[in-house]
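The sequence shown lines up with residues -9 to 132 when you count with my numbering.
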Amino acid sequence: MQEPAAKSHKGIIDRFELLEKYVREEVAKRVYDNTKKNYTIDELAQLYDKSTDDLILDAVRREGLVFVGGKLYIAITEDELGYVVGLEAYFKRPDGEWVVKKNQSAAMPLNIMLLDSRNELKRLKQIDFELTEPEAGGGMHV
């Protein structure tokens, strides 16, 4: 039997995962619905800016966490035919305990990127974007 605190913690994790799934699906729709445009890596990262802010603010509001930092990354898949987008956000509880929230998208086709961006991602394997406090002018540095 779960303790009440454990149930509450699991509920918070479930809400974060549901919100992240929704964000991932919405961004994928934007990318796939606009197949005539090829994106730079920076433009792809910008698609996640508002949703990343929303995820951070939700964790702060619902769990009483303090946002410390993190990264959004775009990484090439092993077969180099696609890419994934991941999020690592670091928080502290009021008692000083660290909380890390991570998630990664399913693979998406690399061919939606401009050729220069595809080649850069293949060369670097992963490109990181620093997450910043949402109230401080946005969710990440691109």
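Glycine residues also receive a C-beta, built at the ideal position from the N, C-alpha and C atoms. The structure displayed is predicted, hence computed values, not measured ones.
The alpha carbon of Lys115 has as its nearest neighbour, out of Ala49, Val58, Leu55, Gly72, the alpha carbon of Gly72. DSSP places Ala96 in no alpha helix (DSSP H); its state is neither H nor E.
A check of alpha carbon separations from Ile64 across Lys82, Gln94, Asp106 identifies Gln94 as the nearest. Going by C-alpha positions, Lys82 is about 9 Å away from Gly54. At least 8 Å separates the beta-carbon of Tyr29 from that of Val75. With fewer than 16 other CB atoms across the displayed protein chains lying within 10 angstroms of its CB, Pro84 is exposed. Within the same chain, and ignoring the five residues on either side of Arg113 in sequence, no residue has its Cβ closer than 8 Å to its Cβ.
Per the coordinates, the alpha-carbon of Thr67 lies some 7 Å from the alpha-carbon of Ala97.
In the DSSP assignment, the residues bridged to Val56 are Lys82.
The beta carbon of Gly60 sits closer than 6 Å to those of Glu78, Ala79, Tyr80, Leu121, all from its chain and outside the five residues before and after it, given in chain order. Listed as beta-bridge partners of Lys112 by DSSP are no residues whatsoever.
Your pair Leu47 and Met103 does not check out as a contact, with CB atoms roughly 29 Å apart and the cut at 8 Å.
The C-beta of Pro99 has fewer than 16 other C-beta atoms within 10 Å across all chains shown, which makes the residue exposed.
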